[in-house]
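Below is one structure; the comments refer to it alone.
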Amino acid sequence: MRLLDFWKKIWKTPAKDWFYSQIPSNQTPNEIASTTLQPGNIYINVHLKSMRIVNVRNGFKTFYPAVHSFISLKYIGNNNAEFNTVTAPTELAELDAKNIDKIISLNKRLLGPVPYRGGDLQMDIGLFAVQSGDLAKSFLSLLTDMSSIAGVSFIGSVLPFVDPISKGVDLLVGNTSETQLEIGISTDLNKITAGYYAVIAEDKSKVHMNELFIDKKDYKLVDSGGNTVHNYSYIVFAISGTDKKEDWFDIPELASSYKKLQDDIKGGDINAATQSLDFFKRIVLTSNDLLFKDAKEIVKQVTEEVNDILQNTQVADSNTSSLRNLNEFPIYSN
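Sequential numbering of the sequence shown, starting at -15, is according to the working numbering.
The structure is reproduced here in structure tokens:
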């Protein structure tokens, strides 16, 4: 369920009044180039960089801040991959609503790196204040643990957790006496530009873009003089692209099929090893988690090494060589 559906139940102020925009690159840290991400050539990342709550509208005495994100994008075929995650500050520390003037720097990954294959990037991010209590803390802890296990990088791993997390968030935010949406965004991006974005709980006509900067150290919003922006609640997030998926060898389907290939080679069964290699290649080339250029390079390097080992195995008096670990293949060496 998208946050837009949650808003209908828990928020009375029209979302269109909120300020939402990409911050000009010359007013942000220079680690992300402001470029348009090209489908089929890039892995996409979304990071929650910082958040701030100025006041809690429901008047809670103490509360837990929590961020729910729902991100959906196209993968191989006509389906969408959905990444549903709940993020809370370390150890779910309570905040005092009377002394709430607090910035929370997170740099928390909400998505990626996953292949960008075109189409809309559906993205909902909401910052919630949850009234403190033992049950709320336990429930939030469960949702954050589930989100951590599901991850935000491997499509196959997240699928079993999408509905349970959605239902959990629905139960959490559906109780308007104990949960309040403070700030959020629900948008579909067709043309995706890398950079920093801000969502601010203030009428867009009252926010002046040329006065907003993102601090290089903790990613908080500051003015042109470097002074912290105190006036409103906000979320800062970043979208970036990379041509590498550094954790490719941890893709569950690849890891398991490669382990079978290693075992068959170690056992000296040439026929079984050949079949396992064919299966591994199919898994790699059809993986939702890899760009095709990377899939081809993985298949190329693994096939060459397996063929060398199998050829040597057939030579009289030769010892069977072991197949190196998957993470040892230098697919990004060039």
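Beta carbons: idealized from backbone N, C-alpha and C, even for Gly.
For residue 257, the three-state secondary structure derived from DSSP is helix.
Taking the CA atoms as reference points, residue 289 sits about 14 Å from residue 248. For residue 180, same chain residues with a beta-carbon under 6 Å away, outside a window of 5 residues either side, are 7, 12, 198 and 222 in chain order. Per DSSP, the unbroken beta strand (DSSP E) holding residue 48 starts and ends at 46 to 58. Secondary structure note for residue 242: its alpha helix (DSSP H) is the uninterrupted segment 236 to 250.
Between residue 28 and residue 225, the CB-CB gap stays under 7 Å. Counting other Cβ atoms within 10 Å of its Cβ, residue 66 reaches 16 or more and is therefore classed as buried. DSSP places residue 285 in the helix class (H, G or I) of the three-state scheme.
Residue 32 carries a strand assignment under DSSP once its states are collapsed to helix, strand and coil. The shortest CA-to-CA distance from residue 3 to any of 25, 64, 187 and 114 is the one to 187. Note on residue 96: 16 or more other CB atoms within 10 angstroms of its CB, so buried under the neighbour-count rule. Distance from the CA of residue 20 to the CA of residue 61, rounded to the nearest whole angstrom, comes to 23 Å.
With three or more CB-CB distances shorter than 8 Å, the segment 166 to 180 counts as touching the segment 102 to 109. The secondary-structure analysis by DSSP pairs residue 66 across a beta bridge with 56. Burial of residue 257 is indicated by the presence of at least 16 other C-beta atoms within 10 angstroms of its C-beta.
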